[in-house]
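Numbering (full-length UniProt numbering), first residue to last: 1 to 311. From the three backbone atoms N, C-alpha and C, an ideal C-beta is built for every residue, glycine too. All remarks here apply to the structure that follows.
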């Protein structure tokens, strides 16, 4: 084939072209986020935030509008309980005029009402300032807190309230603690009458095992109680409705589509401008290389012509 023959006769030029192509591909990938040499599917792994109160094998925490609870145990329903334990979490997306001001008022409200801020972040992207604030307030003040936060917004874009009754789990843990305490009492009676060192060691080890289980169960109970006493609220704030996490009520919204299209265009133009700047800088390498290639090509062509004439 002619291409293969040309490559054999022009090895140096081929190597230079390959080097330039390699740098060009890397430059293209770095600015457009496209991997031209790999077609792996993007990862779909979702990260889950670390729970505030550990529950041993389970946990309380979670993502938007969800409460993660231990799914491995089925708890018997308790009907003779006067006051039930309910863990409440609320997520709100609020359209506001001033993100920083509203964020500060939310944190202050939590602190003034025996609550506290869990975490807070404020960012200023190219389109609109946004903030995510997570707070805890007493469960009996949840409704008044929601009303106050509504009043701070121009529009409540979305709201999600989730409640999880953990009374059955709490009572079940209480019964398991009582069982372990009875087992310890029996082992202590055996320990009092034991005379062999091996028996004393074995019984003592069993007592410590049951006590560790009791401590872990009490920690789970304490976590359940604290999470039921303090409701968790996550608020998403922005001056632009599009920047907020929500499911639009209308499938076709021309204004929203127009804004997204403009943002996409601006982003593309910025990438192209950045690429042009980098290309201009790298021209200091590419242009001399291209000139050298052309000179070598002319020289080889001229030499080949001279050789042909001499023959």
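message: Please list the terminal residues of the continuous alpha helix (DSSP H) segment that includes residue 101.
response: 99-112
query: Which term fits residue 115, buried or exposed, when burial requires 16 or more other beta carbons within 10 angstroms of its beta carbon?
result: buried
- request: Assign residue 124 to one of three DSSP states: helix, strand, or coil.
  value: Coil, per DSSP.
- prompt: Nearest-angstrom Cα distance between residue 51 and residue 133?
  reply: Its pLDDT being 38, under 50, residue 51 is placed unreliably by the model, and the measurement read from it follows with that caveat. In a straight line, the C-alpha of residue 51 is about 16 Å away from that of residue 133.
query: Within the present structure, is the beta-carbon of residue 240 separated from the nearest heavy atom of the ligand MG by less than 6 Å?
result: In the structure on display, the ligand MG does not appear, and there are no ligands present to speak of.
field: Three-pair Cβ contact test at 8 Å for the region 131-147 versus the region 164-182
entry: no
task: Counting only the same chain and skipping the five closest in sequence on each side, list residues whose C-beta sits under 8 Å from that of residue 152.
output: 94, 96, 102, 105 and 106
task: With a 10 Å radius around its C-beta and 16 neighbouring C-beta atoms as the bar for buried, classify residue 234 as buried or exposed.
output: buried
query: Secondary structure at residue 18, three-state DSSP: helix, strand or coil?
result: helix
query: In this structure, does DSSP put residue 153 in helix, strand or coil?
result: coil
message: Give me the DSSP bridge partner(s) of residue 134.
response: 119 and 234
- request: Give the C-beta separation of residue 239 and residue 145 to the nearest angstrom, bearing in mind that I take them to be a contact with Cβ-Cβ under 8 Å.
  value: With a Cβ gap of about 22 Å, residue 239 and residue 145 do not count as contacting.
message: Determine whether the beta carbon atoms of residue 183 and residue 210 lie at a separation below 7 Å.
response: yes
query: If you draw a straight line from the C-alpha of residue 269 to the C-alpha of residue 241, how long is it?
result: 24 Å
field: Test item: CB-CB of residue 206 and residue 237 under 7 Å
entry: no
task: Return the CA-CA distance between residue 314 and residue 222, expressed in angstroms with no decimal places.
output: The structure shown does not extend to residue 314, since the chain is modelled only from 1 to 311, so the question has no answer here.
message: Do residue 230 and residue 314 count as a contact pair if the criterion is CB distance below 7 Å?
response: Shown here, the chain extends from 1 to 311; a query on residue 314 therefore has no answer.
Close beta carbons around residue 141, own chain, < 7 Å, minus the five adjacent residues each side: 113
As assigned by DSSP and simplified to three states, the class of residue 84: The answer is coil: DSSP assigns residue 84 none of H, G, I, E or B.
message: Please classify residue 149 as buried or exposed, where buried requires at least 16 other C-beta atoms within 10 Å of its C-beta.
response: buried
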